[in-house]
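Following the UniProt record's numbering, the numbering of the sequence shown begins with 1 at its first residue and continues without gaps.
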Amino acid sequence: MQLCIVCSEQPPKYRCPACRSRYCSVVCYRKHKDSCLPAQSPPVPPVHEGKGSISTDQSTVDDLSHDEIIDKVPMERLQLLGQSKELQDLLCNPHLRQLMLSIDNSESKDRAIKAAMQTPLFAEFSDCCLKIVDKDDLNNV
């Protein structure tokens, strides 16, 4: 089990937006930010990884490239994920949850997702997510 990089006592619930290090509380983040060394990639908003939370960050598209704008899913579509009974049922599976944690903790997320896609359970999960956010697109195919 992974522990907070600051206090080494609690499991982390958050990621630093600059360096992606994991910490457990606001107090630990305040201590961490004084010595934070930002990663090379652009910062991302802090995400709470607790149960039932969805970030509602309404970021602008000014800093995105054309390809990133095309791939961006509107917030309204993302919110549909939280309303899906089928998706909620899949997320009750402890094997899927463990697989998702291992992807999140992986140094190479691309490689971890590619490997996870070989697992029928994760493929079913990703298909369910795509079906929800691409409803209109699937009707046009």
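Virtual Cβ for every residue (Gly too), placed ideally from N, Cα, C.
These numbers were taken from a predicted model, which means no experiment stands behind them.
Kindly give me the distance between the Cβ atoms of TYR29 and CYS19, rounded to whole angstroms, as I take these residues to be in contact under 8 Å.
-> By 1-based counting over the sequence shown, the position of residue 29 is 29. By 1-based counting over the sequence shown, the position of residue 19 is 19. Rounded, the Cβ-Cβ distance is 11 Å, inconsistent with contact.
Quick one: measure Cβ to Cβ for LEU90 and CYS36, integer angstroms, because I've assumed they're closer than 8 Å.
-> Here residue 90 refers to the residue found at position 90 when the sequence shown is read from its first residue. Here residue 36 refers to the residue found at position 36 when the sequence shown is read from its first residue. Actually they do not touch by this definition, with Cβ atoms about 35 Å apart.
Neighbour-count burial assignment, VAL27, 16 or more Cβ in a 10 Å radius | Stepping through the sequence shown from its first residue, residue 27 is reached at position 27. VAL27 is exposed by the Cβ-count criterion.
ARG97 by DSSP, collapsed to three states: which one?
-> As a first step, residue 97 must be located in the sequence shown, where it is residue number 97. In this structure, ARG97 counts as helix in the three-state DSSP scheme.
Where ASP62 and LYS72 are concerned, what is the direct C-alpha to C-alpha distance, given to the nearest angstrom?
-> For the purposes of this step, residue 62 is identified with residue 62 of the sequence shown, where counting begins at 1. For the purposes of this step, residue 72 is identified with residue 72 of the sequence shown, where counting begins at 1. Confidence in ASP62 is poor, its pLDDT being 44 and thus under 50, which makes the residue's placement unreliable; the coordinate value appears in the next sentence. The alpha-carbon atoms of ASP62 and LYS72 are separated by roughly 13 Å.
Taking just the CA atoms, how far does GLN83 sit from LEU121?
-> One-based indexing of the sequence shown puts residue 121 at position 121. One-based indexing of the sequence shown puts residue 83 at position 83. Distance between the alpha carbons of LEU121 and GLN83: 20 Å.
Beta strand (DSSP E) runs contained entirely in the stretch 73-132, provided each spans 3 or more residues = Within the stretch 73-132, no run of beta strand (DSSP E) at least 3 residues long lies entirely inside it.
CB-CB under 7 Å to TYR23, same chain, minus the five flanking residues each way: which ones, in chain order?
-> Within the sequence shown, the letter at position 23 stands for residue 23. For TYR23, where only same-chain residues beyond five positions count, the Cβ hits under 7 Å are CYS4, ILE5, VAL6, PRO12, TYR14, CYS16, TYR29, HIS32.
Pairwise C-alpha distance: ARG77 and PHE125 | Here residue 125 refers to the residue found at position 125 of the sequence shown. Here residue 77 refers to the residue found at position 77 of the sequence shown. Note on geometry: alpha-carbon atoms of PHE125 and ARG77 lie some 16 Å from one another.
With LEU96 and ILE132 assumed to form a contact (beta carbons below 8 Å), what rounded beta-carbon distance in angstroms separates them?
-> Position 96 of the sequence shown holds residue 96. Position 132 of the sequence shown holds residue 132. Wrong, their Cβ atoms sit about 16 Å apart, outside the cutoff.
Note down the Cα distance separating ASP134 from GLU107, rounded to an integer number of angstroms.
-> In the sequence shown, the residue the question calls residue 134 occupies position 134. In the sequence shown, the residue the question calls residue 107 occupies position 107. So the two alpha carbons sit approximately 29 Å from each other.
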